[in-house]
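These notes are about the structure you will find just below.
Okay, here's the thing in structure tokens:
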């Protein structure tokens, strides 16, 4: 069985919700799908300990009270072509057809390997946020957060609010870069207020993780901090080295990719006819950029170019913020030297750094080590290998995520 929509939006984060709300008055048959149990994406992730901003609650309520159909707990398994997608939820697999598609697939956290990073107690910085919102108890635990970008401060704030004892925020960017970023921040007054609210006195520039320490689980962390080595005893370490766009579905559909993000024009249209993209999949820049890009894509997809054009100045303002972030939080090349020969790079298939160093790209690595062939299909180790070795991630192949056999059988059904 196949369902059909005039407009299908993949992703119910800020960009997807804004796109749906912009397009809804047109009367088109619209659906928004997302693999999370509730709309909001990663940044507005719901859960027992989640505290959504008022703006997020208003936007979600507006979409829920519109004619837009929300398909939560639903993921894309394959893109067989012909403006069709194969979907799956907890109950079934089925195919959908669409006239137009907006990709709002967001971004994921970049994790880099270092000794001990697979110990229990070590997570991503954004991963820790998600776990806390989902109910993970961290009260009383000693916490170190390391990596790069504003997400470190947001993760620290969530952990402190849940009762964690924050010891250190280690930002790898040098103090000069952070000073440049702070000097330009008044161009976006809301960000000045946000930075002031989130800043913590345990924040250190020119600092990065060297190793997680412990036998059966995390017992401490070794840091490089302003030219010296520091060791801190802790029960939890959260590391995140920025965000990278989720482009697998865009690649599977045949959309053009530029600088590891989905390439779009001024209407948020990709090079593929009737396919648009908005938000973090077109480049990281925060929820404000995602909201305005989503609204432009929604208006453009239903032919309302005048309304889309009126949003161009606001988009340019937030694109400038994204460019500032990219310049001032670029990763230090020394992070490429953290892994030792026995440090796992591919956790799914237990492939260490030593088995990958010297290989000639992804194909050679897979043939000799099975790197990237586990459950995550290279989503974690692919980004790490790109940073460490300069390998371009391989073209995705179906299924795009682990799925049931009966869902794949839907591809064989006649329309």
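In the numbering used here, the protein residues as written are 22 to 436. Cβ coordinates follow ideal geometry from the N, Cα and C atoms, glycine included.
### Query
What residue from 376, 231, 222 has the CA that sits closest to residue 356's CA?
231
### Task
Within 10 angstroms of the Cβ of residue 196, are there 16 or more other Cβ atoms? Answer buried if so, exposed if not.
A residue is called buried when at least 16 other Cβ atoms come within 10 angstroms of its Cβ; residue 196 does not meet this threshold and is exposed.
### Task
For the segment 57–64 and the segment 31–48, state whether three or more C-beta atom pairs, one from each stretch, are separated by less than 8 Å.
yes
### Message
Rounding to the nearest angstrom, what Cα-Cα distance links residue 275 and residue 25 in this structure?
### Response
Going from the Cα of residue 275 to the Cα of residue 25 covers about 21 Å.
### Task
Just tell me which of 119, 401, 363 has its CA closest to the CA of residue 50.
119
### Task
Please classify residue 57: is it buried, with 16 or more other beta-carbons within 10 angstroms of its beta-carbon, or exposed?
buried
### Query
Which parts of the segment 104–185 are runs of the alpha helix (DSSP H), unbroken and 4 residues or longer, counting only runs that do not cross its ends?
As far as the segment 104–185 is concerned, its whole alpha helix (DSSP H) runs of at least 4 residues are 146–154, 172–182.
### Query
Counting Cβ pairs closer than 8 Å, one from the segment 326–343 and one from the segment 101–108, do we hit at least three?
Contact fails between the segment 326–343 and the segment 101–108, because fewer than three Cβ pairs, one in each stretch, are under 8 Å apart.
### Task
Mind checking which residues open and close the alpha helix (DSSP H) that includes residue 39?
35–44
### Query
What distance in whole Å lies between the Cβ atoms of residue 255 and residue 440, which are believed to be in contact at a cut-off of 8 Å?
One cannot answer for residue 440 here, as it falls past the ends of the chain, which runs 22 to 436.
### Message
Measuring straight from C-alpha to C-alpha, what distance separates residue 202 and residue 130?
### Response
21 Å
### Task
Given a cut-off of 8 Å, decide if residue 123 and residue 318 are closer than it, judged by their beta-carbon atoms.
yes
### Task
Look at the Cβ atom of residue 298, then the Cβ atom of residue 285, and state whether they are nearer than 8 Å.
Contact: yes.
### Query
Is the beta carbon of residue 37 less than 8 Å from the beta carbon of residue 315?
yes
### Task
Mind checking who residue 374 pairs with in its DSSP beta bridge?
None; residue 374 has no bridge partner.
### Query
So, residue 349 versus residue 199, is the Cβ gap smaller than 8 Å?
yes
### Query
At which residues does the beta strand (DSSP E) containing residue 265 begin and terminate?
264–266
#### Entry: Endpoints, alpha helix (DSSP H) assigned at residue 72
Element bounds for residue 72: n/a, residue is neither H nor E.
### Query
Ordered along the chain, which non-local residues of its own chain (more than five positions away) have a Cβ less than 7 Å from that of residue 142?
238, 239, 256, 257, 258
#### Entry: Of the listed residues 161, 404, 74, 383, nearest to residue 264 (C-alpha basis)
For the set 161, 404, 74, 383, the Cα lying nearest the Cα of residue 264 is the one of 404.
### Task
Determine the burial state of residue 72: buried for a count of at least 16 other Cβ atoms within 10 Å of its Cβ, exposed for fewer.
exposed
### Uninterrupted beta strand (DSSP E) stretches inside the segment 221–295 (no shorter than 3 residues)
228–234, 241–246, 249–254, 257–262, 264–266
### Message
According to DSSP, is residue 213 part of a helix, a strand, or is it coil?
### Response
helix
### Task
Let me know the secondary structure DSSP gives residue 25 once reduced to three states.
Looking at residue 25 - three-state DSSP - the assignment turns out to be strand.
### Segment contact flag, the segment 83–102 with the segment 391–401, C-beta cutoff 8 Å, min 3 pairs
no
### Query
Between residue 324 and residue 233, which are expected to be in contact by the criterion C-beta below 8 Å, what is the C-beta distance as a whole number of angstroms?
Between residue 233 and residue 324 the Cβ distance is about 53 Å, and since that is not below 8 Å, they are no contact.
### Query
Excluding the five sequence neighbours on either side, which residues of its own chain have a C-beta within less than 7 Å of the C-beta of residue 269, listed in chain order?
417, 421
### Message
Distance check for residue 99 and residue 253, CA to CA, integer angstroms please.
### Response
45 Å
### Query
CA-CA distance, residue 146 and residue 53?
27 Å
### Query
So, residue 301 versus residue 266, is the Cβ gap smaller than 8 Å?
yes
### Task
Determine the DSSP secondary structure at residue 426, reduced to helix, strand or coil.
helix
### Query
I think residue 150 touches residue 179, with their Cβ atoms under 8 Å apart; what is that distance to the nearest whole Å?
5 Å
### Query
Can you list, in chain order, the stretches of the beta strand (DSSP E) that have 3 or more residues and sit fully within the segment 322–385?
365–367
### Message
I'd like the span of the beta strand (DSSP E) that includes residue 96, first residue to last.
### Response
Its beta strand (DSSP E) spans residues 96–99.
### Task
Let me know the secondary structure DSSP gives residue 297 once reduced to three states.
strand
### Query
Can you name, in chain order, every residue of its own chain whose Cβ lies under 8 Å from the Cβ of residue 341, other than the five neighbours on each side?
Cβ neighbours of residue 341 beyond the five flanking positions: 208.
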